[in-house]
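Below: the structure, in structure tokens.
Take a look at the structure:
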């Protein structure tokens with residue numbers, strides 16, 4: 135199966151070499167049976183009770199997937215996208231959409247997670263205009279920890295999202311195809327777990343507080359939003375004149 139994947143990636147994808155492996159990025163609309171089977175196998179390896187319908191849906195929502203081969207073996211994949219969208223009260227904006235990333239436990243702690251995400255995101259093209267809004271649906275505190283280092287991050291423990299943050303969050307959740315609780319920023323599942331990471335999550339009780347309203351048994355995740363290098367004016371301030379409602383976001387694909 136590994137040789138089949140290597141051949142398929144060489145034929146259909148764009149390849150990079152790295153000291154610890156070979157990497158290929160391709161549009162999700164072009165992946166074949168071999169690549170799809172490998173992605174589902176890696177999902178099963180990385181998650182207990184993996185919900186394969188969730189992966190299939192993600193393959194229709196996010197336009198690029200990056201694969202890693204290490205020592206000739208499928209080591210991981212990441213889904214990602216980058217869109218130029220119209221967001222409520224923000225206007226035309228680059229949006230970086232992080233997706234499912236699965237790494238075989240044998241190849242963890244080699245930097246594959248971040249490298250695959252960057253490759254898949256870069257395949258969508260350069261974000262020439264700043265600032266950039268980065269979004270992700272987080273399964274546990276370890277995956278959310280990086281976002282917490284950014285002072286613009288939302289959601290925040292013990293702070294209600296501002297009307298602007300809620301409006302943008304609702305719009306981003308719609309692009310993902312998710313339903314958002316705008317108070318807690320939990321993306322509400324359909325009643326079926328996405329899966330449970332096969333890893334020991336080392337997190338403090340304080341870090342778990344961000345996930346207090348995330349019901350993984352229901353298929354929930356935590357929507358994370360961060361801006362780089364800075365948030366737009368008014369991101370942290372309550373909007374004057376009452377509440378804000380989110381309009382339907384429009385993307386460059388439309």
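In the working numbering, the protein residues as written are 135 to 388. The beta-carbon is built from N, C-alpha and C at its ideal position, and this holds for glycine as well.
- [ ] Assuming residue 210 and residue 241 form a contact by the criterion Cβ under 8 Å, report the distance between their Cβ atoms to the nearest whole angstrom.
- [x] The pair is a contact, with the Cβ atoms about 6 Å apart (cut-off 8 Å).
Open item on the list: If you measure between the beta carbons of residue 268 and residue 230, is that distance less than 8 Å?
Closed with: The answer is yes: Cβ separation under 8 Å.
- [ ] Can you tell me which of the three DSSP states residue 223 falls into?
- [x] Residue 223: coil per DSSP, three-state reduction.
Task: For residue 142, three-class secondary structure by DSSP - done: Because the pLDDT of residue 142 is 45, which lies under 50, any placement of that residue in the model is unreliable, and the question is left without a value.
- [ ] Could you name each continuous alpha helix (DSSP H) segment of 4 residues or more that falls completely within the stretch 164-190, going from the start of the chain to the end?
- [x] The stretch 164-190 contains these whole alpha helix (DSSP H) runs: 167-180.
Open item on the list: Which of the three DSSP states is assigned to residue 288 in this structure?
Closed with: Of the three classes helix, strand and coil, the one that applies to residue 288 here is strand, per DSSP.
Task: Pair within 8 Å by beta-carbon distance, residue 187 and residue 158 - done: No, the pair does not count as a contact, with Cβ atoms beyond the cut-off.
Open item on the list: Counting beta carbon pairs with one atom in the stretch 223-238 and one in the stretch 268-287, are three or more of them shorter than 8 Å?
Closed with: As far as the Cβ criterion goes, the stretch 268-287 touches the stretch 223-238, which means the pair count is three or higher.
Open item on the list: Which same chain residues end up closer than 8 Å to residue 369 when comparing Cβ atoms and leaving out the 5 residues on each side of it in sequence?
Closed with: Excluding five sequence positions before and after residue 369, the CB atoms of its chain that fall closer than 8 Å to its own CB belong to 286, 296, 298, 299, 361, given in chain order.
TODO: Identify which residue in 161, 195, 208, 156 has its Cα closest to the Cα of residue 171.
DONE: Of the listed residues, the one whose Cα sits closest to residue 171 is 208.
Task: Beta-carbon separation (whole angstroms), residue 337 vs residue 276, contact threshold 8 Å - done: About 6 Å; that satisfies the 8 Å criterion.
- [ ] Can you check the stretch 209-276 for any alpha helix (DSSP H) of at least 4 residues that lies completely inside it and give the ranges in chain order?
- [x] Within the stretch 209-276, the complete alpha helix (DSSP H) segments at least 4 residues long are 246-256, listed from N- to C-terminus.
Task: Three-state class that DSSP yields for residue 309 in the structure shown - done: In the structure shown, residue 309 adopts helical secondary structure according to DSSP, grouped into three states.
Open item on the list: Is the beta carbon of residue 162 closer than 8 Å to that of residue 196?
Closed with: If you check the CB distance, residue 196 and residue 162 come in under 8 Å.
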